Amino acid sequence: MPSRQGRSGDIGRTIAEALKCDAPPADHPSMETATFAGVFGAMIGSFLNVVVYRLPRRESLVRPASHCTACGTAIKPYDNIPVVSWLLLRGRCRNCSAPISKRYPLVEAFAALLCVGAVLAGGSSATIALNVAFILLLVPIALIDAEHRIIPNRLTALGAILALAIGTALDPSGEPARLIAGAAAGGALLIAAMAYPGGMGMGDVKLAGVMGLFLGSAVAPAMLVALLAGVLFGALILGRQGAQVARKTAVPFGPFLAFGSLVAIFVGEPLVNLYTTHFLN
Ligand SMILES: [Zn+2]
225 MPSRQGRSGD IGRTIAEALK CDAPPADHPS METATFAGVF GAMIGSFLNV VVYRLPRRES
285 LVRPASHCTA CGTAIKPYDN IPVVSWLLLR GRCRNCSAPI SKRYPLVEAF AALLCVGAVL
345 AGGSSATIAL NVAFILLLVP IALIDAEHRI IPNRLTALGA ILALAIGTAL DPSGEPARLI
405 AGAAAGGALL IAAMAYPGGM GMGDVKLAGV MGLFLGSAVA PAMLVALLAG VLFGALILGR
465 QGAQVARKTA VPFGPFLAFG SLVAIFVGEP LVNLYTTHFL N
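By the numbering used here, the letter at position 194 of the sequence shown is numbered 418, and the numbering carries on one by one without gaps.
Printed below as a string of C-alpha cells:
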C-alpha cells in the first residue's frame with residue numbers, strides 16, 4: 225500500500241544509510257503508525273460506546289447525536305474528545321453535573337490500547353488490518369453479551385463481511401484457510417450447542433465462525449483459551465455460591481470467546497510453539 229508513511233519510511237532508511245547508522249527494519253511499525261492506531265482506536269472506541277448502549281435497545285446509531293442521559297443537552301464536539309473530555313470534566317456533565325459513567329473513557333482507552341498493541345505485535349499488513357478490525361468488533365460484542373446475553377446478528381454479520389473483504393483484498397491466498405477455520409470453529413460450537421442446548425446459543429456459534437474468518441488457524445488456541453476461561457469462571461462461581469446458584473447462573477460465553485481471541489491475537493504464536501515443543505515431542 226503506497227502511503228505517505230511508506231515514503232517517509234523509505235526516506236528515513238535512506239537518511240539512516242547515509243549516516244551509516246542502523247535503519248529501522250522495514251516491517252517494524254513506526255512511532256507514527258502506533259500513535260495513529262491509538263488515536264484511531266480511541267475515536268472508534270467512542271463510537272463503540274454508542275453501539276454498546278443503543279444497539280441492544282434497538283435505537284438508531286446516528287440519531288440523536290450524543291447527549292447527556294440526565295438533562296438531554298447535546299454534547300459539544302469539544303466535550304466529546306475520547307478519554308480527554310471525561311478527564312477534563314471530571315466525569316460530570318458540563319450542563320447539569322450528572323455523573324458520566326466511567327465505562328465511556330475505559331472503553332475508549334481499552335480500544336486505543338488494543339489497537340496500538342495489534343500494530344506493535346506486527347505481522348503482515350493483512351494480519352494487522354484483520355486484527356484491528358476484529359478487536360474493534362470484539363469490544364461491543366463482549367460488552368453487549370455480558371450485559372444483555374445476546375450477540376447481535378448485525379455485529380456478527382458485519383464481522384463476516386469485514387473479515388472476507390479485508391482477507392480477500394490483502395491476502396487472497398490465505399482466504400481458503402480462513403474459510404476452513406471459520407467453518408470448523410462454527411461447526412464445533414454448533415455441535416456443542418446442540419449437545420448442551422442450555423449452554424451456548426446460536427450467537428456464540430456465529431461468533432466462532434467469525435473468529436475463524438479473522439484468525440485462521442489461530443482460532444484453535446482462541447477456542448481452547450475461551451473454553452478453559454469459561455470452565456474456570458464456572459468453577460469459581462460454583463466454589464463461591466454453591467451448586468444450586470451456579471446451575472441457575474447462565475454465564476454468557478461471548479466474553480470468553482472474545483478473551484480467547486485477544487489471547488490468540490497477542491500471544492497465539494508463542495502459545496502454539498510452547499504446545500508443539502512441550503507436548504508433541
Ligand atoms: Zn446533563
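C-beta: ideal position from N, C-alpha, C; glycine also. Predicted, not measured: the structure shown is a model, and the values here were computed from it.
#1: If you count every other CB in all the chains shown that lies within 10 Å of the CB of residue 329, and 16 or more means buried, which is it?
#2: Kindly give me the distance between the Cβ atoms of residue 363 and residue 331, rounded to whole angstroms, as I take these residues to be in contact under 8 Å.
#3: Enumerate in chain order the residues of its own chain whose CB-to-CB distance from residue 486 is below 8 Å, with the five nearest sequence positions on each side excluded.
#4: Among 417, 415, 391, 436, which has the Cα closest to the Cα of residue 407?
#5: Just list the residues that DSSP pairs residue 402 with in beta bridges.
#6: Sorry if obvious, but does the Cβ on residue 319 come closer than 7 Å to a heavy atom of ligand 1?
#7: Between residue 446 and residue 480, which are expected to be in contact by the criterion C-beta below 8 Å, what is the C-beta distance as a whole number of angstroms?
#8: Considering only heavy atoms of ligand 1, does any lie closer than 7 Å to the CB of residue 298?
#9: State whether the segment 341-355 contacts the segment 381-393, with contact taken as three or more CB pairs (one from each stretch) at a distance under 8 Å.
#10: Which residues in the same chain as residue 295 place their Cβ atom closer than 6 Å to its Cβ, once the five residues preceding and following it in sequence are excluded?
#11: Tell me which same chain residues have a C-beta within less than 6 Å of the C-beta of residue 243, skipping the five on either side of it?
#12: Per the DSSP calculation, residue 506 is bridged to which residue(s)?
#13: Is the separation between the beta-carbon of residue 476 and that of residue 370 shorter than 8 Å?
#14: Helix, strand or coil, according to DSSP, for residue 476 in the structure here?
#15: What do you reckon, is the C-beta of residue 416 under 7 Å from a heavy atom of ligand 1?
#16: Would you kindly work out how many angstroms separate the C-alpha atoms of residue 368 and residue 483, rounded to a whole number?
#17: Is it right to say residue 314 is buried, meaning 16 or more other beta carbons lie within 10 angstroms of its own, or is it exposed?
On the basis of the data shown:
#1: buried
#2: 7 Å
#3: 338, 359, 362
#4: 436
#5: Answer is none; residue 402 lacks a bridge partner.
#6: yes
#7: Actually they do not touch by this definition, with Cβ atoms about 10 Å apart.
#8: No, the beta carbon of residue 298 sits no closer than 7 Å to any heavy atom of ligand 1.
#9: yes
#10: 319, 320
#11: Reliability fails at residue 243, whose pLDDT of 48 lies under 50, so the model's placement of it is uncertain and the value that follows must be treated cautiously. The answer is none, since no qualifying residue turns up.
#12: No answer is possible for residue 506: the residues shown for the chain start at 225 and end at 505.
#13: yes
#14: The answer is coil: DSSP assigns residue 476 none of H, G, I, E or B.
#15: no
#16: 14 Å
#17: exposed
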